[in-house]
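Residue numbers (full-length UniProt numbering): 246 to 611.
Each residue gets a CB set at the ideal place from its N, CA and C atoms; glycine is no exception.
Owing to the predicted nature of the structure, the values given are computational and were not obtained by experimental measurement.
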Amino acid sequence: DLGPYRHFMQKEIYEQPRAVADTLEAALDGDFSIDQLWGKGAAERLQEIDRVLLLASGTSHYASLVGRQWIESIAGIPAAAELGHEYRYRESIPDPRQLIVTLSQSGETLDTYEALRHAQTLGHLHTLSICNVAESAIPRASALRFLTRAGPEIGVASTKAFTTQLVALYLLALSLGVLRGRVDATALHTHREALRQLPGSLQQALNLEPQIQLWANRFADKEHALFLGRGLHYPIALEGALKLKEISYIHAEAYPAGELKHGPLALVDRQMPVVVIAANDQLFEKVAANMQEVHARGGQLYVFTDLDSHYEGGEGVHVIRLPRHAGLLSPVLHAIPVQLLAYHAALVKGTDVDRPRNLAKAVTVE
Ligand code: F6R
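Here it is as structure tokens:
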């Protein structure tokens, strides 16, 4: 049932404040019990971990690219993220103290499932899945599991599954941090208060839709676009480019903004729209310098920043401001505008938003 929405994708974008609140419920009520969050025996098992490997595909992989940074910065544990289909076919060095985390909306993605089986045949016993479908293959094959509570995701392009995976990964970083003694009671309280603010801030990000719709009108006749971000927001640039490709069929590529002058800057001319995720974090000045490089070559800048960066942009630069910068949780909020941009670009182009050509919702073949 679509209710007041035109497409499932639009409905699912708008469900995100609720989906994130539901996913956080068990972690924000009560006393942050690790076993309650991740399953029986979790505290004991996670205590033994000294490395993390996140395996996934597509949008779920982009969530893990954020998650690995949180795990390192919050829990102080080395973490890597890899595409399941790459991991599965290369020679890797198993480590019994490594936690293998699989992320999947459907729980049925063959590439991810087979990567998990591969890890198990290498001897990995510590496996954890973050999944949106309880009765599915990947959580069933994992020692520990966390169910995101996004609810059924019908649109082929993943939206609410992504943001709920992100908060699940944040909870994983917190859990590992607590077990290692790196996150004390005061810090845990601060993190949980920040998480409590998230659904309200997501709602504020959704309120930017009319401005984003205006941008989308300018986008629809483009053939190419670049997406830039740095640090925690580079995966959001990747996600924005993937969403745009998938549903509007506009060719889009994402780069870490620092990589521009190592090649992609050659693509920038007056025809090239460049979307920048310029959150007000410690990398903002670096990103601003990269935006200047684009501006100087006549590139059309579309900048998502936060109100408190006070970024003005100057002549010909389009700027949309999210509310106050949300610190480590900022990528969750910056996911919303890139989803809306892709959605509205697709509407202008008249594509089949919920069922883009050539794609399936759950990829159960190799
Ligand atoms: C993109 C998208 C895909 C999936 C990928 C993994 O919008 O939906 O890239 O994220 O196929 O699917 P799951 O998460 O079900 O394993």
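Enumerate in chain order the residues of its own chain whose CB-to-CB distance from residue i is below 6 Å, with the five nearest sequence positions on each side excluded.
i      : result
SER420 : ILE279
PRO501 : ARG475, TYR479
VAL608 : THR354
GLY464 : A small correction: the amino acid at residue 464 is Phe; Gly does not occupy that position in the sequence shown. The answer, listed in chain order, is ALA590.
LEU424 : LEU291, GLN292
PRO262 : PRO444, LEU447, GLN448
VAL598 : HIS252, MET254, ILE492, ALA591
Exposed or buried, which one is residue i when buried takes at least 16 other CB atoms within 10 Å?
i      : result
TYR334 : exposed
ASP610 : Inspection of the sequence shows that residue 610 is occupied by Val rather than by Asp. Under this definition VAL610 is an exposed residue.
GLY474 : buried
ALA379 : exposed
GLY400 : buried
THR268 : buried
ASN452 : exposed
ASP466 : exposed
THR550 : buried
LEU552 : exposed
HIS369 : buried
ASN462 : exposed
THR366 : exposed
LEU247 : exposed
PRO384 : buried
HIS252 : buried
ARG390 : buried
GLU491 : buried
LYS506 : exposed
ALA511 : exposed
ALA430 : exposed
ARG313 : buried
GLY286 : exposed
GLY422 : buried
ALA534 : exposed
ALA395 : buried
Kindly indicate which residue of the options has the alpha-carbon position closest to the one of residue i.
i      : options                        : result
ARG296 : VAL265, ALA402, ILE338         : ILE338
GLU257 : LEU389, THR404, TYR415         : THR404
GLU336 : ASP267, ALA360, LEU443         : ALA360
ASP514 : LEU546, LEU528, ASN525, ILE495 : LEU546
ALA382 : VAL521, LEU348, ILE322         : LEU348
SER351 : PRO397, LEU389, GLN292         : PRO397
THR435 : ALA541, HIS363, LEU273         : LEU273
LEU328 : ARG463, LEU300, ALA541         : LEU300
LEU459 : GLN442, ASP599, TYR588, THR366 : TYR588
ALA499 : PHE472, HIS369, LEU512         : PHE472
GLN516 : GLY543, LEU247, PRO509         : GLY543
GLY508 : LYS594, LEU487, GLU538         : GLU538
PRO444 : ALA264, GLN255, PHE253         : ALA264
ILE495 : ARG441, GLN456, ARG425, THR596 : THR596
TRP315 : VAL564, LEU416, ALA541, LEU487 : LEU416
LEU477 : ALA395, ALA287, SER309         : SER309
TYR358 : ILE457, LYS490, LEU344, HIS330 : HIS330
ARG290 : ALA413, ILE565, GLU557, LEU344 : LEU344
SER493 : LYS285, ASN603, ALA364, ALA266 : ASN603
ILE565 : LEU489, THR393, PRO455, HIS540 : PRO455
ALA482 : ALA497, LEU414, PHE277         : ALA497
VAL519 : ALA534, ASP526, HIS540, GLN527 : HIS540
LYS594 : GLU468, LEU414, ASN535         : GLU468
PRO576 : ALA287, ALA288, VAL311, PHE277 : VAL311
Can you name the start and end residues of the beta strand (DSSP E) that residue i belongs to?
i      : result
PHE277 : Element bounds for PHE277: n/a, residue is neither H nor E.
THR550 : 545–551
LEU300 : 296–301
VAL346 : 343–349
LEU567 : 563–567
ALA324 : 324–328
How far does the alpha helix (DSSP H) with residue i in it extend, from its first residue to its last?
i      : result
GLN456 : 454–464
LEU355 : 355–366
ILE319 : ILE319 -> no alpha helix (DSSP H), and no H or E assigned at all.
GLU257 : 253–259
GLU293 : Element bounds for GLU293: n/a, residue is neither H nor E.
Can you give me the Cβ contacts of residue i inside the same chain, cut-off strictly under 7 Å, excluding the 5 residues immediately before and after it?
i      : result
SER446 : PRO568, ALA571, LEU578
VAL532 : ARG475, ALA502, VAL521, ALA523
ARG427 : ALA320, GLY321
GLU484 : THR304, TYR307, PHE407, ALA580, VAL583
GLU317 : PRO323, ALA324
ARG342 : GLU293, ILE294, ASP295, ARG296
GLN255 : TYR588
Who are the near neighbours of residue i in its chain, counting only those whose CB is closer than 8 Å to its CB and skipping five residues on each side?
i      : result
SER387 : THR347, LEU361, THR372, LEU373, SER374
TYR259 : TYR250, LEU451
GLN281 : ALA271, GLY275
Compute the minimum distance between the beta carbon of residue i and the heavy atoms of the ligand FMN, and state whether it is under 8 Å.
i      : result
LYS488 : The ligand FMN is not part of the structure shown, which contains the ligand F6R as its ligands.
Which runs of the beta strand (DSSP E) fall wholly inside the stretch 375–448 and span at least 3 residues, in chain order? 389–392
Kindly provide the ranges of any alpha helix (DSSP H) runs that are 4 or more residues long and lie completely inside the UniProt domain "SIS" (460–601), ordered along the chain. 479–493, 529–541, 575–594
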